[in-house]
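Chains A, B and C supply the protein sequences, listed in that same order.
Here the first sequence stands for residues 13 to 53, numbered as in the working numbering.
Here the second sequence stands for residues 65 to 165, numbered as in the working numbering.
Here the third sequence stands for residues 442 to 830, numbered as in the working numbering.
No residue lacks a Cβ here, since even glycine has one placed at the ideal position from N, Cα and C.
The structure presented is a predicted model; accordingly, all values stated were derived computationally and were not measured.
Structure, as structure tokens:
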Amino acid sequence: MLVEEQGTQDVEELHAEDVEELLVDDLLVEEVSIDGMCGVY
Amino acid sequence: MRRLLSVTDAPAEARPFSSGRAWRLHPQVALRDEAFGALAYHYGNRRLVFLKSRTLVELVTSLHEYPSAEAALDALVGDTQRAAYRAALARLAASEVIDAA
Amino acid sequence: MPPDVAVLPLKEQFTRGLDAPICLTWELTYACNLACVHCLSSSGRQDPRELTPAEARRIVDDLVDMKVFYVNVGGGEPMLRPDFFDLVSYAVEHRVGVKFSTNGTRLTPERARVLAGLDYLDVQISIDGAGAATNDAVRGEGSFAAARQAMDNLAAAGFGPFKISVVVTRQNVEELDALAAMAEGYGAQLRLTRLRPSGRAVDTWEALHPTAEQQRRLYHWLVGRPDVLTGDSFFHLSALGQPLEGLNLCGAGRVVCLIDPVGDVYACPFVIDREFLAGNVRDPGGFPAVWRESPLFTSLREPQSAGACASCGSFDACRGGCMAAKFFTGLPLDGPDPECVHGHGEAALSEVSARGDRPRASLGHSKVRPDGTPVPLPTPVRLRPAARA
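See below:
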């Protein structure tokens with residue numbers, strides 16, 4: 013995966029937005045909409 | 065209107081996140097520490113958000129102490145990670161985990 | 442990469458368990474004034490060992506300490522508990538959200554007004570059809586009318602958006618549009634949930650559960666209706682295409698569990714069986730100790746084998762389906778769900794049939810006649826005249 017292969021140096025050279033999205037989506041924030049589990053109540 | 069567990073209107077998506085403003089943990093969000101960081105549960109929109117680093121948790125819980133999100137990032141996050149954490153805050157703002165103070 | 446960042450995705454973290462449940466179900470009583478043919482908890486008769494009001498409040502205290510976000514309250518019929526309102530108020534005052542499920546027979550106009558004044562509270566009215574014919578065949582004559590009256594009472598009290606919760610059956614799957622329209626009419630949200638072969642449904646599941654074709658139609662209907670809630674109930678259908686909303690995995694003992702009316706803690710509300718009993722809240726350490734240390738939950742939090750499903754390309758999407766559905770149809774837990782969308786469950790079921798291995802229905806707390814024989818189901822509702830508070 014792109015992020016894991018990058019060192020800090022390489023990150024600065026990429027377009028800022030792309031990097032941010034990759035890092036954030038996998039490493040820092042994850043979300044799920046949760047109405048319940050198994051549906052009971 | 066009483067605070068419900070029901071779904072509210074969909075949040076404004078893709079409103080640009082302004083880190084120059086003051087932000088705070090949304091008053092309808094409950095935060096619970098876990099080994100990996102924290103779980104944030106929004107009582108209004110029923111979203112469950114997983115904060116996957118202790119630094120992010122610290123950032124979110126102390127946001128209100130700073131005049132701006134940028135100031136908080138300066139104080140709490142190393143240079144090289146600031147872009148990532150700024151983007152994380154933008155995500156959290158879009159999910160209403162944080163709102164403008 | 443920041444050194445303190447966890448690398449596992451949320452779903453993987455959940456399969457290892459959390460410090461506190463997220464969707465905890467708490468059945469307050471086995472007493473019920475209905476006798477639905479598919480009741481997951483085989484309710485009807487109150488258990489003499491039911492938790493006292495003080496014991497119930499202690500559970501709320503524990504939930505506060507554990508920072509549980511909300512609790513799903515049900516039963517039997519939870520509004521039959523004399524301390525129902527005390528308990529609900531106690532919970533919401535301590536910011537433990539309450540979502541409770543009711544048949545509506547006790548939801549008078551006065552009580553609707555009380556509920557409308559409470560914070561952090563969600564109400565869900567149970568029906569199983571868009572009209573009395575379909576509904577009452579499962580829930581008893583008069584139950585549909587009672588439920589509609591409760592909905593009217595909530596609306597009149599200005600409660601705001603409540604939920605209408607429907608267990609999908611072979612008979613009501615044709616009525617989904619009508620149910621959606623009913624919810625829309627009230628400004629309510631529709632929830633559709635999966636029928637498990639649990640409780641009294643051990644015997645009625647075969648006749649009631651939707652056919653494979655109906656389940657495919659249901660999946661596509663749900664995909665086109667993101668406003669309809671499912672409580673992550675149909676994750677076995679996620680193998681059909683884009684995943685449905687939710688975590689799409691079995692959370693039993695990991696993200697969810699059940700506290701039953703006598704304080705027994707089970708892995709989930711659909712496995713009220715000794716096999717899935719983790720402990721009791723009256724044991725030392727109470728609920729927190731059971732959640733954190735019970736051997737059953739510890740073992741559920743180990744990586745689970747995909748078993749016979751390992752070679753299936755859909756396993757990631759469906760995770761082998763529902764543990765309860767497998768257990769009560771006699772299927773191995775590390776194999777296909779009985780309603781596996783690829784049909785793998787059907788093959789497994791015929792083998793079980795040949796062996797006669799399925800767990801038999803236990804009486805549970807179902808009502809019995811004086812001679813001890815079960816009361817025929819469903820029983821009609823006898824409403825109090827002019828339903829006063």
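Taking Cβ-Cβ distances shorter than 9 angstroms, what residues in chain A pair up with residue i?
i: residue 126/B; result: Simply none; closest approach about 16 angstroms.
i: residue 136/B; result: Those do not exist, as residue 136/B stays about 15 angstroms from chain A at its closest Cβ, beyond 9 angstroms.
i: residue 120/B; result: 40, 41
Regarding residue i and the ligand FAD, is the C-beta to nearest heavy atom distance less than 7 angstroms?
i: residue 673/C; result: With respect to small molecules bound, the structure shown includes none, and the ligand FAD cannot be examined in it.
In the DSSP output, which residue or residues are listed as bridge partners for residue i?
i: residue 565/C; result: 542/C, 604/C
i: residue 658/C; result: DSSP lists no partner for residue 658/C.
i: residue 693/C; result: 697/C
i: residue 390/C; result: Outside the modelled stretch of chain C, which goes from 442 to 830, sits residue 390/C, for which no answer is possible.
i: residue 163/B; result: 88/B
i: residue 94/B; result: 105/B
i: residue 472/C; result: 485/C
i: residue 112/B; result: 44/A, 105/B
Put residue i into one of helix, strand or coil per three-state DSSP.
i: residue 585/C; result: helix
i: residue 815/C; result: strand
i: residue 506/C; result: helix
i: residue 81/B; result: coil
i: residue 705/C; result: strand
i: residue 527/C; result: helix
i: residue 428/C; result: Outside the shown range of chain C (442 to 830) lies residue 428/C, about which nothing can therefore be said.
i: residue 46/A; result: coil
i: residue 490/C; result: coil
i: residue 748/C; result: helix
i: residue 20/A; result: Only weak support is given to the placement of residue 20/A: the predicted model assigns it a pLDDT of 40, under 50, and the value that follows is read from those uncertain coordinates. The answer is helix: DSSP assigns residue 20/A an H, G or I state.
i: residue 39/A; result: helix
i: residue 117/B; result: strand
i: residue 609/C; result: coil
i: residue 782/C; result: coil
i: residue 449/C; result: coil
Could you check where the beta strand (DSSP E) with residue i kicks off and where it finishes?
i: residue 686/C; result: No beta strand (DSSP E) contains residue 686/C, which DSSP labels as neither H nor E.
i: residue 468/C; result: 464 to 468
i: residue 864/C; result: The structure shown does not extend to residue 864/C, since chain C spans only 442 to 830, so no value can be given for it.
i: residue 720/C; result: 718 to 721
i: residue 769/C; result: First-last for residue 769/C: 764 to 769, but that is the alpha helix (DSSP H), not the beta strand (DSSP E).
i: residue 106/B; result: 101 to 106
i: residue 630/C; result: 630 to 634
i: residue 555/C; result: Where residue 555/C is concerned, there is no enclosing beta strand (DSSP E), although the alpha helix (DSSP H) it sits in stretches over 550 to 557.
i: residue 643/C; result: Premise fails: residue 643/C lies in the alpha helix (DSSP H), 642 to 649, not in any beta strand (DSSP E).
Taking residue i as part of the alpha helix (DSSP H), name the residues at either end of that continuous run.
i: residue 149/B; result: 146 to 158
i: residue 756/C; result: 756 to 759
i: residue 579/C; result: 573 to 580
i: residue 139/B; result: 133 to 140
I'd like the list of long-range same chain contacts for residue i, defined as Cβ closer than 7 angstroms, with 5 residues on each side in sequence excluded.
i: residue 481/C; result: 637, 639, 640, 642, 710, 711
i: residue 100/B; result: 116
i: residue 741/C; result: 693, 694, 695, 708
i: residue 515/C; result: 466, 468, 541, 542
i: residue 602/C; result: 628, 629, 630
List the residues of chain A whose Cβ lies closer than 8 angstroms to the Cβ of residue i, in chain order.
i: residue 117/B; result: 39, 40
i: residue 110/B; result: 45, 46, 47
i: residue 480/C; result: Residues of chain A passing the Cβ test: none, with the nearest at roughly 12 angstroms.
i: residue 81/B; result: Simply none; closest approach about 11 angstroms.
Please work out which residues of its chain come closer than 8 angstroms, Cβ to Cβ, to residue i, disregarding the five sequence neighbours upstream and downstream, and give them in chain order.
i: residue 600/C; result: 553, 556, 557, 564
i: residue 139/B; result: 130
i: residue 126/B; result: 136, 140
i: residue 816/C; result: 476, 485, 807, 808, 809, 810
Starting from residue i, find everything on chain A with Cβ-Cβ shorter than 7 angstroms and list it in chain order.
i: residue 156/B; result: 41
Which residues of chain C have a Cβ atom closer than 7 angstroms to the Cβ of residue i, listed in chain order?
i: residue 98/B; result: 459, 460
Going by beta carbon distance, what residues of the same chain come within less than 6 angstroms of residue i, once the five residues before and after it are set aside?
i: residue 157/B; result: 81
i: residue 689/C; result: 676, 679
i: residue 113/B; result: 104, 159, 161
i: residue 583/C; result: 821, 822
Which residues of chain C have a Cβ atom closer than 9 angstroms to the Cβ of residue i, listed in chain order?
i: residue 139/B; result: Neighbours of residue 139/B on chain C: none; closest Cβ ~16 angstroms, over 9 angstroms.
Residues of chain B with CB under 7 angstroms from residue i, in chain order?
i: residue 835/C; result: Within the shown structure, residues of chain C are numbered from 442 to 830, placing residue 835/C beyond reach of any answer.
i: residue 694/C; result: Residues of chain B passing the Cβ test: none, with the nearest at roughly 17 angstroms.
i: residue 454/C; result: 100
Below 8 angstroms on C-beta distance, what does residue i contact in chain C?
i: residue 151/B; result: By Cβ distance, chain C contributes nothing, its closest Cβ being about 13 angstroms from residue 151/B, past 8 angstroms.
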